[in-house]
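What follows is a single structure, written as structure tokens, with notes after it.
Residue numbers (this note's numbering): 47 to 198.
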């Protein structure tokens with residue numbers, strides 16, 4: 047998988063688990079931007095993720111699983127960004143359901159800059175079922191797809 051293929055797969059991800067520093071992983075909606083080489087998140091003031099960044103923690107990991115044909119562990123660094131134009135670009139019905147509008151003072155943007163991804167590219171749910179059935183008949187281990195690394 048190339049970096050470009052990684053970004054294409056990320057476009058289909060609607061939820062992933064983001065952890066920053068000592069803050070535990072929590073479900074978040076990622077907004078990947080291949081051109082910028084970053085993944086954006088909209089969150090709120092006072093969350094554990096925001097508190098971790100405010101305390102100087104930047105090491106982050108994103109766990110992607112069960113979306114499309116890609117499962118991944120993405121490592122990188124996160125920071126808080128104040129950018130009204132970026133917020134306007136990202137704003138959507140999902141984000142609006144968490145806030146009292148785009149002008150809510152609690153809104154925070156997290157910019158996640160990936161450094162490295164460990165990726166498992168599977169054959170999807172139907173392919174998975176076929177491989178499991180085949181393994182039962184042949185006594186061979188199932189072919190669960192490709193496993194590789196992507197550097198950013």
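Think of the CB as a built atom: it goes at the ideal place given N, C-alpha and C, for glycine as much as any other residue.
Annotated three-state conformation of residue 125 is strand, per DSSP.
Within the same chain, Cβ atoms closer than 7 Å to the Cβ of residue 84 are found at 157, 158, 159, the five residues on either side in sequence being excluded. Only exposed fits residue 73, as fewer than 16 other CB atoms lie within 10 angstroms of its CB. By the neighbour-count criterion, in which a residue is buried when 16 or more other Cβ atoms sit within 10 angstroms of its Cβ, residue 140 is exposed.
In the structure shown, residue 62 falls within a strand segment according to DSSP collapsed to helix, strand and coil. The alpha-carbon separation between residue 99 and residue 51 amounts to approximately 29 Å.
In this model, residue 76 and residue 143 are separated by some 15 Å (Cα to Cα).
Take the alpha-carbon of residue 126 and the one of residue 90: they are about 11 Å apart. When DSSP states are grouped into helix, strand and coil, residue 56 belongs to the helix group. Collapsing the DSSP output to three states places residue 139 in a helix.
When secondary structure is reduced to three states using DSSP, residue 98 falls in the helix class.
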